[in-house]
Structure formats: C-alpha cells, structure tokens
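Report on the following structure.
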Amino acid sequence: MATGSSTRERMGEFTTLAWVLIPVAVGINVVGGTVTNLLRIPIYLDVVGTILLALLAGPLVAAVGGILTNLILGVTRSPTIIPFAVVNAAIALVAGYFAMRGWFRIREGSDYLKLAGVGVIVALTSIVVSLPIVVTLFGGLTGTAPDIVVGVFLAAGFDLVPAVLASQLVIEPIDKIASVVIAYFIAKSVPERYRPSFGQRALSTRSREK
Amino acid sequence: MSADRSTEIDVEALIENADGSESVFEYRPGSTPLHRLNPVTKLVVSVALVLIAFTLPDFWGPLALSVALLALVALAGVAKPVLTIVLAVGTPLALSLVIIQGLFYPENQTVLVAFGVPVIDQLAFYVEGVEFALLILFRLTVLMIALLGTIVTTHPKKLTIALMEKGVSNKIAYVFMAALQFIPQMQSRARAILDAQQARGLDTTANLRSRLRSYVALMAPLLIGTLIATETRALALESRGFTRKGERTYLLDVPDTRLDRTLRWLAVLAVVAVVGWRLWGVVA
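Sequence order for the protein chains is F and Y.
Numbering that gives the first Met the number 0 applies: residue 0 is where the first sequence begins, and numbers increase by one.
Numbering that gives the first Met the number 0 applies: residue 0 is where the second sequence begins, and numbers increase by one.
Okay, here's the thing in structure tokens:
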C-alpha cells in the first residue's frame, strides 16, 4: 500500500473526536434495539452503531465502542450480555478492515453487492465468535426466540453445536446485511465536515487515492 | 438544582442526589459495609466468584454461591432491585434451559419423570439434562447477582474515580460515563424524532422495506444532532484539560482500606485454589 500514510493513520486514530464518537455509537447500538421495537422490524439491528463507528473512525476505535456497548448493556440490562463483548469487538474489526480496503466506496449500482458481501462476512464472524460463548457459558440456550430452533434440532437428534449453529444461520445473515446497509446510509448522511478523516477516506467516491 | 447557600456543603450527598435517581445505573444509596467497600474490590471479588462458579464441576457449588450472595445483597438492603433483574432475565432462561436440555440433552440416559402425552406417546425429563441445565443456570445466577450487587451499591462516579486511581485511562472512564448519560437522552430524542417524522407522514405500519427506510430516517437525524453536540463536547473536554497528563485531584474521595486489599488478595487466592484443585483432578 503505497499511500504514504502511516499504519496508524490508516487504522484510524484515537483523536478527541473519535473518543467523543464512541459513546454516540454505543447509544446508537442500544437505542437501535428500541427503535426496531417501535417500528416492529423483526431483526435485532443491535450492532449498527459498531459498524457505523468502524466506517467513520476505523476498526480499533469501533472495537472499543463495541466492547463498551456490551459493558453498558451488562450494567443496565443484564450482566449475561457482557461475555458477548468479544463478538461486538470482532464485528468492529472485520467491518473496519473492509472499510479500510474501500468496500464502502459506492460508485455504481453493482457496488451495493460489496455491502451485502461485508454483511455476510460480518454475520459469519458473529456466528463463529459467539458459538463457543453460547455453547460453553450458556449451554446453547439464551432464553430468547432462537432457543426453539435449538430445541427442534436437538429433538431431531443433532448435537448441541450444530443445533446452535442452525439457529444462528437463520437470523444472523439477514440481520447483519441490513445492519451494514443501514450503517452505510447513516454514515453517508453525516455531513462531510463532521466525519473523521478515516470516514472521509472510507466513504469517498472520488477517484481512488492510491 | 438550586445552589446551596450554606458554607458547609456535603459534596458527596449533593452528587448522589443530583444524578443518583435518574441514572440508568440503578444505584441505591446506602451506608452498609457493602456500599463502603472500594468499588474496585467489589469488581475484583465479583469477577473471582464468577470464575469460580464457571470452574466448579456440578451445580451444587454455584447454587451455594448464589444463596450466599443473595444473603449478602439482602444484608446490604438491595435484594429487591437485584432480584427484579435476576428474575426478569433468569425466568425465560431457566424455562428454556430446563425444558429443552431436560428433554433433549444429547447425553440423557436416566429418566427423572415421564408423562404420557398424546401424539408422541411419552415425554420424559432426564436427570443428566436437568442437572446440566441447573449447572448453567446457577453459574449465570452467580454472575448476575455478583455484578448487579456491585452495580447497585456503587455510585458510577465513585467507580470511575476508583478505576482511574488504579491506573485506568481517564478517556476510558469518560466514554463509560458519557455513554451511560447518553443512552436515556438519545432514547427520548429518538422518540421525539419518531413523533416528528410521523407528523410528516412516516408510516410505521407500512411494509417492511419502507419501515427499514424509516429506520434510517430516524437514526440519521439522531446521529447528526448528536454529532453537532459532540463538537461542543470535545471543546468543553479540552478546556477542562482532558488530554493533559499528570496528577489529578477528584471531588469525591474513594477510600481504599486494608480490608479492601485483604479481600482482593483472598479473591485471587480463592480463584487460584479452585482452578488448581480442578486441574489436579484432571491430571490425577
């Protein structure tokens, strides 16, 4: 990468603006869940803030935001959410990496496929990272709707791990593709002067800066 | 919020009354020994108990720990807020764990109870599945009671000060406090924006695609509004020496007594002992 910029710059820096953005992203993660309830949208959309932060300020800042989201939810909703901070951080790193590689620079209609691609990869990351947590800490069940799917697969004679995997394969890709697309549109609607430099590079549709 | 004219101001009481009640942290003021412990001690002991609960092999250990912790939070007078959350989160989890694992846990062998059920003939709960369900359940109960007990007996400001005194960066402390304050604010703003958009014809009962679009229509003004406020916030932080290095003094005093240090060491020793005991069992 002969951009002439340092690695630190490419990964996004912890400027005061970035520090101030972190609580905002945490807020969007948390409020996003409430808004999906108000609009009766049947998916979680609880990592939109993390992905948005990854787009605007880079993977490392977003990872801090992701971990903080689960800590805050852990103290305000239920401590059982805290272990999933790892998942949120992994999503931040993956989304931030693809933002660095320019997968969020949309110039023509077919470029939207890149967003779907990022969504699929984020969903896979989320499944792979959360699976061991769900299985070892929670015995495969979390007291939510997907438990029914786990039960059906267990009843059909499957082992615990494939049963949990199946329950997550149902909802994760849809949820994460929607989250990536929504994060992109929200990021695009942020006036350029409020975007950190990482976000300006990740979203710029002008000729490649290579 | 009127200014206190008397010369002797109890800073501590002022801060606790100023944002203790409306904080999303369900802090309950009090002066029990649990309240007076250093917040870091409470965190360390909680994490140690959680580690121990997840290392113990069957459900009796975590059950005993849960009962002991419950007695402790009851003594501190915070049993009600703790139990409210434990029951709200734990009940669906308990039902789904006991039912699904009791019926279908792959290692099920010994029948506990069996019912005659039409269509599928017989439904049996197995010992192995129920014991596994109880193990997971009581481990999570320890996690919940320990951390909730810490949270409801600790004022968030004292927690952040104690953490900063132990060397946690003031930036981390800031984002934690700011996020806690932001969430209720953003929640009410989101509601206001939703009302405003509905008045302009946003249809929350339309098909899924347009509802997803309204999600962006809601979140974008929320974000932009907050971003504009963040610029001011960044300036305010800078003017208070946010990025300055060096010794800081705090408005609140968070004591760290000998009892605190002893408890922290005991917690670490207990974890080492239990993990060692389990490893010994694996090797032998």
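We treat Cβ as the ideally placed atom computed from N, Cα and C, and that holds for glycine.
- Boundaries of the alpha helix (DSSP H) harbouring R190 (chain Y): N169 to A198, taken from the DSSP string.
- DSSP, reduced to helix, strand and coil, places F114 (chain Y) within a strand of the structure shown.
- Annotation for G64 (chain F): the continuous alpha helix (DSSP H) segment containing it runs P58 to T75.
- In this structure, A172 (chain Y) lies away from L179 (chain Y), with their beta-carbon atoms at least 8 Å apart.
- For F124 (chain Y), the pairing in a beta bridge is given by DSSP as Y:V112.
- Remark: C-beta atoms of R27 (chain Y) and T159 (chain Y) do not approach each other more closely than 8 Å.
- Here L134 (chain Y) carries a helix assignment [DSSP, helix/strand/coil].
- The residue among F:A98, F:S109, F:D146 and F:P41 with its C-alpha nearest the C-alpha of T49 (chain F) is F:A98.
- The alpha-carbon separation between R263 (chain Y) and R239 (chain Y) amounts to approximately 34 Å.
- By the neighbour-count definition (other C-beta atoms within 10 Å, threshold 16), Y125 (chain Y) is a buried residue.
- Around the beta-carbon of S109 (chain F), fewer than 16 other beta-carbon atoms lie within 10 Å, marking it exposed.
- Residue contact with chain F for Y26 (chain Y): absent (no Cβ-Cβ distance below 8 Å to any residue of chain F).
- By the 16-neighbour rule on beta-carbons within 10 angstroms, I27 (chain F) is buried.
- Contacts with chain Y at 8 Å (Cβ-Cβ) do not include D45 (chain F).
- Residue environment: N36 (chain F) is assigned as exposed (fewer than 16 neighbouring CB atoms within 10 Å of its CB, all protein chains considered).
- For S203 (chain F), the three-state secondary structure derived from DSSP is coil.
- Assigned with DSSP and collapsed to three states, A75 (chain Y) falls in coil, not helix or strand.
- Remark: C-beta atoms of V77 (chain Y) and T140 (chain Y) do not approach each other more closely than 8 Å.
- For T40 (chain Y), the three-state secondary structure derived from DSSP is helix.
- Between P195 (chain F) and A89 (chain F), the CB-CB gap reaches or exceeds 8 Å.
- Per DSSP, the unbroken alpha helix (DSSP H) holding D259 (chain Y) starts and ends at R257 to V282.
- For the stretch 206-222 of chain Y, the beta-carbon criterion of a distance under 8 Å to any beta-carbon of chain F is satisfied by L207, R210, L211, S213, Y214, V215, L217, M218, A219, L221 and L222.
- Closer than 8 Å to the CB of A233 (chain Y) there is at least one CB belonging to chain F.
- Shown here for I176 (chain F): same chain residues with a beta carbon closer than 6 Å to its own, the five before and five after excluded, namely A115 and G118 in chain order.
- Counting the other Cβ atoms within 10 Å of the Cβ of N37 (chain Y) gives 16 or more, which makes it buried.
- At least one C-beta of chain F is nearer than 8 Å to the C-beta of M185 (chain Y).
- Per DSSP, the continuous alpha helix (DSSP H) segment holding T229 (chain Y) begins and ends at L207 to S238.
- Taking C-beta separations shorter than 7 Å and ignoring five residues to either side along the sequence, the partners of G139 (chain F) in its chain run V133, V149, L159, A162 and V163, following chain order.
- Annotation: T49 (chain F) has no Cβ neighbours in chain Y at a cutoff of 8 Å; minimum Cβ distance is about 13 Å.
- For I99 (chain Y), the residues of chain F that pass the 7 Å Cβ criterion are L140, D146, V149, G150 and L153, in the order they occur in the chain.
- Nearest in C-alpha terms to L234 (chain Y), of all of F:V19, F:R9, F:F103 and F:M10, is F:V19.
- Closest by C-alpha distance to P190 (chain F), out of Y:P220, Y:P80 and Y:T83, is Y:P220.
- A266 (chain Y) sits close to V44 (chain Y), with the two beta carbons spaced by under 8 Å.
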